[in-house]
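Quick note on numbering: the sequence shown equals residues 91 to 566 in this note's numbering.
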Amino acid sequence: MNDRALRVLEYDKIMKRLEERTVSSLGRAFVETLKPVTDFYEVEARLKETTDAAAYLWRKGGAPFGGIHDIRSALKRVEIGSTLSIPELLRVGDVLRCSRILKQFLTQDIPNEWEGNTALELGRQIAVFKQVEEAISNAILSEDEISDHASPELFNIRKSIRQKQDSIKDRLSAFIRSADYKKILQDAVVTLRGDRYVIPVKQEYKSQVPGLIHDMSSSGATVFIEPLAVVEANNEIKALLIKEQHEIERILAELTAKVEEIRVELGVNVNILAQLDFMFAKAKLSRDMRGISPHLCKERVIKIVKGRHPLLDREKVVPIDIELGREFTTLIVTGPNTGGKTVTLKTVGLFVLMLQAGLHIPVQEGSEFGLFDSVYADIGDEQSIEQSLSTFSSHMKNIVTILKEADEGSLVLFDELGAGTDPTEGAALATAILDGLTRRGIRTMATTHYSELKIYAMTTPHVQNACCEFDVETLR
Numbered sequence: 091m092n093d094r095a096l097r098v099l100e101y102d103k104i105m106k107r108l109e110e111r112t113v114s115s116l117g118r119a120f121v122e123t124l125k126p127v128t129d130f131y132e133v134e135a136r137l138k139e140t141t142d143a144a145a146y147l148w149r150k151g152g153a154p155f156g157g158i159h160d161i162r163s164a165l166k167r168v169e170i171g172s173t174l175s176i177p178e179l180l181r182v183g184d185v186l187r188c189s190r191i192l193k194q195f196l197t198q199d200i201p202n203e204w205e206g207n208t209a210l211e212l213g214r215q216i217a218v219f220k221q222v223e224e225a226i227s228n229a230i231l232s233e234d235e236i237s238d239h240a241s242p243e244l245f246n247i248r249k250s251i252r253q254k255q256d257s258i259k260d261r262l263s264a265f266i267r268s269a270d271y272k273k274i275l276q277d278a279v280v281t282l283r284g285d286r287y288v289i290p291v292k293q294e295y296k297s298q299v300p301g302l303i304h305d306m307s308s309s310g311a312t313v314f315i316e317p318l319a320v321v322e323a324n325n326e327i328k329a330l331l332i333k334e335q336h337e338i339e340r341i342l343a344e345l346t347a348k349v350e351e352i353r354v355e356l357g358v359n360v361n362i363l364a365q366l367d368f369m370f371a372k373a374k375l376s377r378d379m380r381g382i383s384p385h386l387c388k389e390r391v392i393k394i395v396k397g398r399h400p401l402l403d404r405e406k407v408v409p410i411d412i413e414l415g416r417e418f419t420t421l422i423v424t425g426p427n428t429g430g431k432t433v434t435l436k437t438v439g440l441f442v443l444m445l446q447a448g449l450h451i452p453v454q455e456g457s458e459f460g461l462f463d464s465v466y467a468d469i470g471d472e473q474s475i476e477q478s479l480s481t482f483s484s485h486m487k488n489i490v491t492i493l494k495e496a497d498e499g500s501l502v503l504f505d506e507l508g509a510g511t512d513p514t515e516g517a518a519l520a521t522a523i524l525d526g527l528t529r530r531g532i533r534t535m536a537t538t539h540y541s542e543l544k545i546y547a548m549t550t551p552h553v554q555n556a557c558c559e560f561d562v563e564t565l566r
């Protein structure tokens, strides 16, 4: 497809709206590469995806995508033998849970006539691993915390740590409550310095407390001392903390091994989740703009029934009816300024691009579209100061390119063809351009103010006039 046409027809704004309706980076990656295609069967398949996902939206509501993550980098690390971190395992667990719940949503309580639904088929391909999911959820509480019940060994280690900590705190509490030591303590509290329990002693009394100095306050008025009486107990806690860390590493390695066993199936699940996220984003966009999948035909025709430009307020926009491609190949759209000619042109072009990208469009039943190999558009004022091109020259440069590249499989859109120069010369030039395209059978739409073009359309085979009306009372 012609990049300039994609830009002037605001295809990127539709992609932005589609992207906003995805729930993950996986779905957004599909949107970022979505371009219109020209193969009839591929367009048909893309539209079926959107229609099938929309059926779920209408019958069952939004799909439960909570917990979807891109875990492909974690799966690569598993493949090369690395142990996954707690956050990575947590995300793997989320994906396993999301996969299981989504499979239930897609495959349960489904009408018989939905056989062949794309979303249903994808749902059936999702693999469920409840044991691995539960092993991760039972072992990991949060991104930085392993559960006490992750293993019996970890439970016993942590129980011992708590008992020793309570014992130390009791001994130090008795120490700081003692009348003998009240005057030498800065505060009557037990605190921690580097996993070791200490008490805050005034600088001038530090020699009166036998023990190890671990820290000093910024003012130098307080030193934090570990009394000799609790050094051995603190050492035991330190040893238990090292043992705890080793056990956590063992648990993470064990959980990673479980993930490694299902690594390939998990990779397939992630790809399915990405596709489903993208499909449901397309369905949500269709629902929000009240779109449908019109009839696709093999001939290069356009028939729009009550079409509304998807970027305009659907409650305010005036629907349009347009036909092109059967009895005539060139359509000349006339009407007053602010009558909607340019919007009509953009609507037709954008509908073709959206449809060939697999998106529903806001039209009514009875609408019909053929496929085009390329869409060309000369719309808007793209005067180039840098290249010293006037508005007219800029348009002519673009039109020359279109005339060279367009063929029978193209759709060509001109806004105010021949404007920007002497009206007589502009009308003659526009007539010559349209005549050349009509003789080649290229589907063409052009807006104009020139009465000569209206007469040309009335007197030339395969050319037709269309009009936009303007209500002066309502300004619509």
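Every residue gets a Cβ at the ideal spot worked out from N, C-alpha and C, and that includes glycine. Values in this document were obtained by computation on a predicted structure and should not be read as measured data.
Inset, instruction - Taking 8 Å as the cut-off, decide whether the C-beta atoms of VAL288 and ILE274 are in contact. - result: For the purposes of this step, residue 288 is taken as the residue at position 198 of the sequence shown. For the purposes of this step, residue 274 is taken as the residue at position 184 of the sequence shown. Taking a C-beta distance under 8 Å as the contact criterion, VAL288 and ILE274 do not qualify as a contact pair.
Inset, instruction - Return helix, strand or coil for GLN473, following the three-state DSSP convention. - result: Stepping through the sequence shown from its first residue, residue 473 is reached at position 383. Note that GLN473 scores 42 on pLDDT, short of 50, meaning its location in the model is unreliable; the coordinates nonetheless yield the value given after this. Reduced to three states, the DSSP call for GLN473 is coil.
Inset, instruction - Could you check the C-alpha separation between GLY430 and CYS558 for me, to the nearest Å? - result: Position 340 of the sequence shown, counting from 1, holds the residue named residue 430. Position 468 of the sequence shown, counting from 1, holds the residue named residue 558. The C-alpha of GLY430 lies about 6 Å from the C-alpha of CYS558.
Inset, instruction - Would you mind reading off the limits of the alpha helix (DSSP H) that contains SER541? - result: For this step, residue 541 is matched to residue 451 along the sequence shown. Going by DSSP, SER541 is part of the alpha helix (DSSP H) stretching over 541-549.
Inset, instruction - Say whether the segment 145-155 touches the segment 360-373, bearing in mind that this needs 3 or more beta-carbon pairs closer than 8 Å, one atom from each stretch. - result: Yes, they touch.
Inset, instruction - Below 6 Å CB to CB, which residues in the same chain sit around ARG190 once its five sequence neighbours on both sides are set aside? - result: Here residue 190 is taken as the residue at index 100 of the sequence shown, counted from 1. Excluding its 5 nearest sequence neighbours in each direction, ARG190 has C-beta neighbours in its own chain below 6 Å: VAL218, listed in chain order.
Inset, instruction - Kindly indicate the opening and closing residues of the alpha helix (DSSP H) around ARG136. - result: As a first step, residue 136 must be located in the sequence shown, where it is residue number 46. Per DSSP, ARG136 is one residue of the alpha helix (DSSP H) stretching across 130-150.
Legend entry - For LEU440 and LEU527, the rounded distance between their alpha carbons: Position 437 of the sequence shown holds residue 527. Position 350 of the sequence shown holds residue 440. Approximately 21 Å, taken between the alpha carbons.
Inset, instruction - Using 10 angstroms around the beta-carbon of TYR146, count the other beta-carbons present and answer buried if the total reaches 16, otherwise exposed. - result: Reading the sequence shown from its first residue, position 56 is the one you call residue 146. It counts as buried.
Legend entry - Residue burial classification, THR208 (beta-carbon count within 10 angstroms, cutoff 16): Position 118 of the sequence shown, counted from the first residue, corresponds to residue 208. Buried, by the Cβ-count rule.
Legend entry - Contact set for VAL349: own chain, Cβ-Cβ below 6 Å, skip 5 residues either direction: Translated into the one-based positions of the sequence shown, residue 349 becomes position 259. The beta carbon of VAL349 sits closer than 6 Å to those of VAL168, VAL182, all from its chain and outside the five residues before and after it, given in chain order.
Legend entry - ALA509 in three-state terms, based on DSSP: Taking the first residue of the sequence shown as 1, we reach residue 509 at position 419. Coil, per DSSP.
Inset, instruction - Quick one: using the 10 Å Cβ neighbour count with 16 as the cut-off for buried, is TYR540 buried or exposed? - result: The residue given as residue 540 occupies position 450 in the sequence shown. By the 16-neighbour rule on beta-carbons within 10 angstroms, TYR540 is buried.
Inset, instruction - Starting from the C-beta of PRO126, find all residues in its chain whose C-beta is less than 7 Å away, skip the five residues before and the five after it, and write them out in chain order. - result: To locate residue 126, count along the sequence shown from 1; it is residue 36. For PRO126, the CB contacts under 7 Å within the same chain, skipping 5 residues up- and downstream, are MET91, LEU443, GLN446, ALA447 in chain order.
Inset, instruction - For ILE545, count neighbouring Cβ atoms within 10 angstroms of its own Cβ and tell me buried if that reaches 16, exposed if not. - result: Position 455 of the sequence shown holds residue 545. Under this definition ILE545 is an exposed residue.
Inset, instruction - Give me the Cα-Cα distance between GLU224 and PHE120, rounded to the nearest whole angstrom. - result: In the sequence shown, the residue the question calls residue 224 occupies position 134. In the sequence shown, the residue the question calls residue 120 occupies position 30. Those two C-alpha atoms are separated by around 31 Å.
Legend entry - MET91 - containing beta strand (DSSP E), residue span: Position 1 of the sequence shown, counting from 1, holds the residue named residue 91. Judged by DSSP secondary structure, MET91 falls outside any beta strand (DSSP E); it is assigned neither H nor E.
Legend entry - Euclidean distance between Cα positions of GLY531 and ARG404: Working through the sequence shown from its first residue, we reach residue 531 at position 441. Working through the sequence shown from its first residue, we reach residue 404 at position 314. Here the C-alpha atom of GLY531 lies approximately 34 Å from the C-alpha atom of ARG404.
Legend entry - DSSP three-state assignment for ARG283, whether helix, strand or coil: Here residue 283 is taken as the residue at index 193 of the sequence shown, counted from 1. ARG283 carries a strand assignment under DSSP once its states are collapsed to helix, strand and coil.
Legend entry - Cut-off 8 Å between Cβ atoms - residues of its own chain near LEU262, not counting five sequence neighbours on either side: Translated into the one-based positions of the sequence shown, residue 262 becomes position 172. Counting only residues of its own chain and dropping the five nearest sequence neighbours on each side, LEU262 has a CB closer than 8 Å to the CB of VAL280, TYR287, ILE289, PRO317, VAL320.
Inset, instruction - Run the CB neighbour count on VAL490, radius 10 Å, all protein chains shown included, and call it buried at 16 or more, exposed below. - result: Residue mapping note: residue 490 aligns to position 400 of the sequence shown, counting from 1. Counting of Cβ neighbours within 10 angstroms places VAL490 among the exposed residues, the total staying below 16.
Inset, instruction - Give the DSSP-derived three-state secondary structure of PHE504 in the structure shown. - result: Counting from one through the sequence shown, the residue named residue 504 turns up at place 414. Correct three-state label for PHE504: strand.
Inset, instruction - Could you name the residues of the same chain whose beta carbon sits closer than 7 Å to that of LYS90, not counting the 5 residues immediately before and after it, in chain order? - result: Only positions 91 to 566 of the chain appear in the structure, and residue 90 is not among them; the question remains open.
Inset, instruction - Determine the DSSP secondary structure at PRO452, reduced to helix, strand or coil. - result: Looking up residue 452 in the sequence shown gives position 362. In the structure shown, PRO452 adopts coil according to DSSP, grouped into three states.
Inset, instruction - Check whether the segment 341-356 touches the segment 100-117, counting contact only when three or more Cβ pairs, one atom from each stretch, lie closer than 8 Å. - result: The segment 341-356 vs the segment 100-117: no contact.
Legend entry - Residues bridged to VAL291 [DSSP beta-bridge criterion]: Counted from its first residue, the sequence shown places residue 291 at position 201. Answer is LEU275, VAL313, bridged to VAL291.
Legend entry - Assigned secondary structure, VAL562 (DSSP; H/G/I helix, E/B strand, else coil): Here residue 562 is taken as the residue at index 472 of the sequence shown, counted from 1. Assigned with DSSP and collapsed to three states, VAL562 falls in coil, not helix or strand.
Legend entry - Cβ separation of VAL133 and LEU461, assumed to be a contact under 8 Å, to the nearest whole Å: As a first step, residue 133 is located in the sequence shown; it is residue number 43 there, counting from the start. As a first step, residue 461 is located in the sequence shown; it is residue number 371 there, counting from the start. Under the criterion of beta carbons closer than 8 Å, VAL133 and LEU461 qualify as touching, at roughly 6 Å.
Inset, instruction - Output the boundary residues of the beta strand (DSSP E) element that contains ILE303. - result: On the sequence shown, residue 303 is found 213 positions in, with the first residue counted as 1. First-last of the beta strand (DSSP E) with ILE303: 301-306.
Inset, instruction - Could you tell me whether the segment 247-262 touches the segment 324-340, using the rule of 3 or more Cβ pairs below 8 Å? - result: These segments touch.
Legend entry - Presumed contact (8 Å Cβ cut-off) between ILE230 and LEU179, rounded CB distance: In the sequence shown, counting from the first residue as 1, residue 230 sits at position 140. In the sequence shown, counting from the first residue as 1, residue 179 sits at position 89. With 8 Å as the limit, ILE230 and LEU179 qualify as a contact, their Cβ atoms being about 6 Å apart.
Inset, instruction - Pick helix, strand or coil for MET379, following the three-state DSSP scheme. - result: Stepping through the sequence shown from its first residue, residue 379 is reached at position 289. Note: MET379 maps to coil in three-state DSSP.
Inset, instruction - Leaving aside the five residues before and after ASN555 along the sequence, list all residues of the same chain whose C-beta is less than 7 Å from its C-beta, in chain order. - result: Sequence index remark: in the sequence shown, residue 555 carries index 465 (1-based). Only residues of its own chain outside the window of five on either side were considered, and among them ILE422, THR424, LYS544, ALA547, MET548 have a CB closer than 7 Å to the CB of ASN555, listed in chain order.
Inset, instruction - With a threshold of 16 other CB atoms inside 10 Å of the CB of VAL299, please say whether the residue is buried or exposed. - result: Taking the sequence shown and counting its residues from 1, the one referred to as residue 299 is at position 209. Buried, by the Cβ-count rule.
Inset, instruction - Would you tell me roughly how many angstroms separate the C-alpha atoms of GLN473 and ILE200, rounded to the nearest one? - result: Numbered from its first residue, the sequence shown carries residue 473 at position 383. Numbered from its first residue, the sequence shown carries residue 200 at position 110. The predicted model places GLN473 with a pLDDT of 42, which falls under 50 and marks its position as unreliable, so this point remains unresolved.
Legend entry - Rounded straight-line distance, which links the Cα of ARG533 to that of GLY381: Numbered from 1 along the sequence shown, position 291 holds the residue referred to as residue 381. Numbered from 1 along the sequence shown, position 443 holds the residue referred to as residue 533. Approximately 24 Å, taken between the alpha carbons.
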